[in-house]
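Here the protein sequences come in this chain order: A and B. Sequence positions in the first sequence follow our numbering and run 1 to 113. Sequence positions in the second sequence follow our numbering and run 1001 to 1114. All residues carry an ideal CB built from backbone N, CA and C; glycine is no exception. These notes are about the structure you will find just below.
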Amino acid sequence: TQTVSQSDAHVTVFEGDSVELRCNYSYGGSIYLSWYIQHHGRGLQFLLKYYSGNPVVQGVNGFEAEFSKSDSSFHLRKASVHWSDSAVYFCAVSGNMGYKLTFGTGTSLLVDP
Amino acid sequence: DPKIIQKPKYLVAVTGSEKILICEQYLGHNAMYWYRQSAKKPLEFMFSYSYQKLMDNQTASSRFQPQSSKKNHLDLQITALKPDDSATYFCASSQEGQGAETLYFGSGTRLTVL
């Protein structure tokens, strides 16, 4: 059984601030970790993913995430947020069947202008 | 232009009725999926289709039946609707065989069962 925990339901920052959205997972085997973004009324859009190699992965629009096996974490970061980054962010984990994603409950990011 | 089209965007149904949710993808992908997002719950995987064949089913109820009439279509028929079926249903697709697959999602159909 794989689980994903996003401990922060809501995060509010000002435009230009840095932000870190937290994700912790539990899974017993090889995993794929990914982040998706959902703007209001839209479908989920892929941001980035990790399977192996460099634990810091770069995604679209300046987002990056760092995998930590010791902490069972895959936190998402951005150095300087824009108001258009306001959305709900979902962390997801999958095993050998890469399409079967287990999602976290999401973190709603609000960027004040 | 949206590459995955879901219709309708909103749907209201009465308990016991039957509805079909439409999904078409224009990404040339060979795999399609249905996910469900209920209120205050994370997205849940429902079905996986590859080359129009059912590959994986995580939905306990037979009231949910995917239908694939064409390679780029994966509709979802729901019969004997219940209020608990109220959710937003997302269709997704990917190009299978790439390992850590990237899923592309439609904008969803929000179903409300009264």
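Could you tell me which chain A residues have their CB closer than 8 angstroms to the CB of residue i, listed as they occur along the chain?
i        : result
F1064(B) : Under the 8 angstroms cutoff, chain A gives no residues; its nearest Cβ is about 16 angstroms from F1064(B).
Helix, strand or coil for residue i? Go by DSSP, reduced to three states.
i        : result
V81(A)   : coil
V118(A)  : Beyond the ends of chain A as shown, which are 1 and 113, falls residue 118(A); an answer cannot be given.
K1008(B) : Note on residue identity: the sequence assigns Pro, not Lys, to residue 1008(B). Coil.
P1066(B) : strand
D1084(B) : helix
N61(A)   : helix
R1110(B) : strand
I31(A)   : coil
N24(A)   : strand
D116(A)  : Absent from the structure is residue 116(A), since the part of chain A shown begins at 1 and ends at 113.
Q38(A)   : strand
D66(A)   : Just to set this straight, residue 66(A) is Glu in the shown sequence, not Asp. Note: E66(A) maps to strand in three-state DSSP.
T105(A)  : coil
Q45(A)   : strand
Y1104(B) : strand
A9(A)    : coil
Y51(A)   : coil
T3(A)    : strand
G99(A)   : Checking the sequence, you will find Tyr at residue 99(A) rather than Gly. Coil at Y99(A), not helix or strand.
S1094(B) : strand
S18(A)   : coil
What whole-angstrom Cβ distance do residue i and residue j have, given they're in contact under 8 angstroms?
i        : j        : result
Q1006(B) : G1108(B) : 6 angstroms
V13(A)   : L21(A)   : 10 angstroms between Cβ atoms; not a contact.
A87(A)   : H39(A)   : 5 angstroms
Q2(A)    : G95(A)   : 7 angstroms
Taking 7 angstroms as the cut-off, is the beta-carbon of residue i closer than that to any non-hydrogen atom of the ligand COA?
i       : result
L109(A) : The ligand content of the structure shown is nil, which means the ligand COA is not present either.
Which residues in chain A have a C-beta closer than 9 angstroms to the C-beta of residue i? List them in chain order.
i        : result
S1094(B) : G98, Y99
S1107(B) : G41, R42, G43
Determine the chain A residues that contact residue i at a beta-carbon separation under 7 angstroms, and present them in chain order.
i        : result
T1119(B) : Because chain B is modelled from 1001 through 1114, residue 1119(B) falls outside the range shown and cannot be assessed.
- request: Below 8 angstroms between beta carbons is the criterion; list the residues of the stretch 1015–1033 of chain B that meet it against any residue of chain A, in chain order.
  value: Residues A1031, Y1033.
- request: Note down, in chain order, all residues in the stretch 1043–1067 of chain B with a beta-carbon under 7 angstroms from any beta-carbon belonging to chain A.
  value: L1043, F1045, S1048, D1056
- request: Scan the stretch 95–107 of chain A for residues whose Cβ lies nearer than 9 angstroms to a Cβ of chain B and list them as they occur along the chain.
  value: M97, G98, Y99, K100, L101, T102, F103, G104, T105, G106
Contact set between the stretch 38–49 of chain A and chain B, restricted to residues whose Cβ is under 8 angstroms from the partner: G41, R42, G43, L44, Q45, F46, K49
field: Contained beta strand (DSSP E) runs [length at least 3] in the stretch 1015–1077 of chain B, N- to C-terminal order
entry: Segments of the beta strand (DSSP E) lying fully in the stretch 1015–1077 of chain B: 1019–1025, 1031–1037, 1044–1050, 1053–1057, 1064–1067.
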